[in-house]
Amino acid sequence: MSGPTHDPALYRHRDVVPIRRALVSVSDKTDLVELATALAAAGVEIVSTGSTAQRIAEAGIPVTEVAQVTGYPESLDGRVRTLHPAIHSGLLADLRLAAHESELAAQGIAPFELVVSNLYPFVETIASGVTGDAAIEQIDIGGPAMVRASAKNHANVAIVTSPASYPQIYKALTLGGTTLLQRQRLAAEAFAHTAAYDRAVADWFAAEVSPVRSATEADAAPAGFDVHAELSATLRYGENSHQFAALYLRSGGRGIAQATQLGGKEMSYNNYVDADAALRAAFDFDEPAVAIIKHANPCGIAVAATSAADAIASAHERAHACDPVSAYGGVIAANRVITLAAAQSIKPIFTEVVVAPGYEPEALALLQGKKNLRILQLPADFSRETVEFKQLSGGLLVQDVDAHFAPFDSWTLAAGPAADERTRADLEFAWRACRAVKSNAILLATDGASVGVGMGQVNRVDSCNLAVTRAGSRASGSVAASDAFFPFADGAEILLAAGVRAIVQPGGSIRDEEVVAAAEAAGVTMYFTGERHFFH
Numbered sequence: 001m002s003g004p005t006h007d008p009a010l011y012r013h014r015d016v017v018p019i020r021r022a023l024v025s026v027s028d029k030t031d032l033v034e035l036a037t038a039l040a041a042a043g044v045e046i047v048s049t050g051s052t053a054q055r056i057a058e059a060g061i062p063v064t065e066v067a068q069v070t071g072y073p074e075s076l077d078g079r080v081r082t083l084h085p086a087i088h089s090g091l092l093a094d095l096r097l098a099a100h101e102s103e104l105a106a107q108g109i110a111p112f113e114l115v116v117s118n119l120y121p122f123v124e125t126i127a128s129g130v131t132g133d134a135a136i137e138q139i140d141i142g143g144p145a146m147v148r149a150s151a152k153n154h155a156n157v158a159i160v161t162s163p164a165s166y167p168q169i170y171k172a173l174t175l176g177g178t179t180l181l182q183r184q185r186l187a188a189e190a191f192a193h194t195a196a197y198d199r200a201v202a203d204w205f206a207a208e209v210s211p212v213r214s215a216t217e218a219d220a221a222p223a224g225f226d227v228h229a230e231l232s233a234t235l236r237y238g239e240n241s242h243q244f245a246a247l248y249l250r251s252g253g254r255g256i257a258q259a260t261q262l263g264g265k266e267m268s269y270n271n272y273v274d275a276d277a278a279l280r281a282a283f284d285f286d287e288p289a290v291a292i293i294k295h296a297n298p299c300g301i302a303v304a305a306t307s308a309a310d311a312i313a314s315a316h317e318r319a320h321a322c323d324p325v326s327a328y329g330g331v332i333a334a335n336r337v338i339t340l341a342a343a344q345s346i347k348p349i350f351t352e353v354v355v356a357p358g359y360e361p362e363a364l365a366l367l368q369g370k371k372n373l374r375i376l377q378l379p380a381d382f383s384r385e386t387v388e389f390k391q392l393s394g395g396l397l398v399q400d401v402d403a404h405f406a407p408f409d410s411w412t413l414a415a416g417p418a419a420d421e422r423t424r425a426d427l428e429f430a431w432r433a434c435r436a437v438k439s440n441a442i443l444l445a446t447d448g449a450s451v452g453v454g455m456g457q458v459n460r461v462d463s464c465n466l467a468v469t470r471a472g473s474r475a476s477g478s479v480a481a482s483d484a485f486f487p488f489a490d491g492a493e494i495l496l497a498a499g500v501r502a503i504v505q506p507g508g509s510i511r512d513e514e515v516v517a518a519a520e521a522a523g524v525t526m527y528f529t530g531e532r533h534f535f536h
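Once you know that position 283 of the sequence shown is 283 in the UniProt record's numbering, the rest is easy, because the numbers rise by one and skip nothing.
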């Protein structure tokens, strides 16, 4: 059987299409009554379903239930409503073709010139924590079918998927109908709407079927994937003033991109990058913690002192003390609500961004007094990512986020005496903190606070020298963490000469014996973790 003939000579001009009949079925009922009122005033017949029809009727506006059109009642708890030839023939008939027009007339079916439909709130439902059958019930079937049918037939039908487009319809009602250009643009929006919806459903199903994959599984890597994100803001520029940049929000995202700005100048590209790096560092700890970031690297990470009267203020003061020079113009992230005491600690320091789960009212008022300070509040359902992407020419690299932390009891004592309780705590802190530092990473710490950081160098010796130089006299008596093994003893010897009391590193070098011998000769404790934390 062949399809319809599409000889251009058979088509009639339908640039402006008057709106005589509209199908309205929406989950987002913003301005619904206003829309229905405008349609009714223009003499448009409104056909509707379920709660949408009820809302329109309650407003005293004439409405025809879909069941009256189809002759078939809504069934299966509303799963079947509009999936009927009497509806879809009215949506898909191409009235530029005389044959389609005649066929509708023969079947007693009236066409629709306007469809207003937005889909079940699937993304909002799963974001609230709903799972299983309750989430599946929010997968719309009839809605996407109506939207796609109308968008395909945009030569004859205007499809509206957002209340933001209602003003276009109000204007069209006064001008005699919708134009072809309007309908084309609305159709493009509609296809984007259903594509994003389907992507959200597919991503949720993939996570439900296999929320955690082992790297050893044969099917650990999916054959393909799509990432959908919608434009949130055009930024002033990118990393440099000559680069274009924009912020897009990923469907289902709950991170720095979804944070609410409570004060300060517009966020920049670099602000977002640094703020995300700061969150990575601060939220790596269960205890109250603060990280200060400059150019995506930590210049201070600390947890609160055990005796502190105000935990998050203590954490900030200790993080800032690591490298006050580099902290100038930095980005601060806290994993607890910013208190008034913490705000008082932050205020005197020139800071680009502060990001936290929340702010005490007095603290927020104090920080808002600094007109240039960008103040971000994380979404209430903030969640750290489990997968990360890195763009490279022609493709993407995908990996699990580095969230593994080998507990102290799994470490191997390689040199020196076993750590006492204080040293153990410092080694655990340093090992956790160093994975927020760009490789090659060396971090010195004392009593739950970094005192020197060496990062991003092309050899470990330079990173050791940087960490020791920045720590100064504080290097003596500190502990050191190295994100990867020492390929030679020279890097470790720099730390030993500076007076560190213990070192934690992955081990695994062919020259481990030389490194261990240097630690033994200095009487310094050294542990191997058996894991590394490269961060490029």
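Note that beta-carbon positions come from the ideal geometry of N, C-alpha and C, so glycine has one too.
As the structure is a computational prediction, the values presented were derived from the model and not from experiment.
Scanning the region 307-359 for uninterrupted beta strand (DSSP E) segments of 3 residues or longer gives 330-334 and 351-356, listed from N- to C-terminal end. Remark: C-beta atoms of S89 and L104 approach each other more closely than 8 Å. For E531, the secondary structure class from DSSP, reduced to helix, strand or coil, is coil. Per DSSP, A414 is one residue of the beta strand (DSSP E) stretching across T412 to A415. For Q54, the enclosing alpha helix (DSSP H) stretches over residues G50 to E58.
Spanning the alpha carbons of L413 and E317 requires a straight line of approximately 33 Å.
The beta-carbon separation of V458 and L443, rounded to 18 Å, does not stay under the 8 Å limit for a contact. DSSP links V479 through a beta bridge to A445 and A502.
If you look at Q368, you'll find it in the alpha helix (DSSP H) that goes P361 to Q368.
Note on geometry: alpha-carbon atoms of R280 and A436 lie some 7 Å from one another.
Cβ contact annotation for Q391 (same chain, cutoff 6 Å, sequence separation greater than five): none. Excluding five sequence positions before and after T234, the CB atoms of its chain that fall closer than 7 Å to its own CB belong to A246, given in chain order. Under the 8 Å Cβ criterion, the region 357-372 does not count as touching the region 303-310, having fewer than three qualifying pairs. Every alpha helix (DSSP H) stretch that sits fully inside the region 151-183 and reaches 4 residues is listed by chain position as 166-175.
Per DSSP, reduced to three states, the secondary structure at R254 is coil, with no helix or strand assignment.
Apart from sequence neighbours up to five positions away, the residues of its chain that approach A519 with a beta-carbon distance below 8 Å are A414, A415, G416, A492, L496, I503, T525 and M526, ordered along the chain. For H193 and I141, the gap between their C-alpha atoms comes out near 14 Å.
Rounded to the nearest whole angstrom, the CA to CA distance from A327 to S241 is 23 Å. The DSSP-derived three-state label of L249 is strand.
The C-beta of H404 has fewer than 16 other C-beta atoms within 10 Å across all chains shown, which makes the residue exposed. If you look at N118, you'll find it in the beta strand (DSSP E) that goes L114 to N118.
For V44 and E189, the gap between their C-alpha atoms comes out near 24 Å.
Within the same chain, T339, A341, A342 and S345 come within 7 Å of A313 by CB-CB distance, once the 5 residues on both sides are set aside. When the beta-carbon positions are compared, P288 and A315 come within less than 8 Å of each other. Cβ-Cβ separation between R470 and N440: approximately 15 Å, too far for a contact (criterion under 8 Å). Between P62 and A42, the C-beta gap is not smaller than 8 Å, which leaves the two residues out of contact. Here DSSP, grouped into helix, strand and coil, assigns P144 to helix.
Secondary structure at L373: coil, using DSSP grouped into helix, strand and coil. For E230, no alpha helix (DSSP H) encloses it; the enclosing beta strand (DSSP E) starts and ends at A229 to T234. At a Cβ-Cβ threshold of 8 Å, M267 and Q258 do not count as neighbours.
Taking the Cα positions, Q505 is about 42 Å away from K370. Taking C-beta separations shorter than 6 Å and ignoring five residues to either side along the sequence, the partners of L180 in its chain run D15, following chain order. The alpha-carbon of I19 is positioned some 53 Å away from that of L367.
For V273, no beta strand (DSSP E) run applies; the uninterrupted alpha helix (DSSP H) run containing it begins and ends at Y269 to A282, by DSSP.
Pairing L95 with H154, the inter-Cα distance amounts to about 11 Å.
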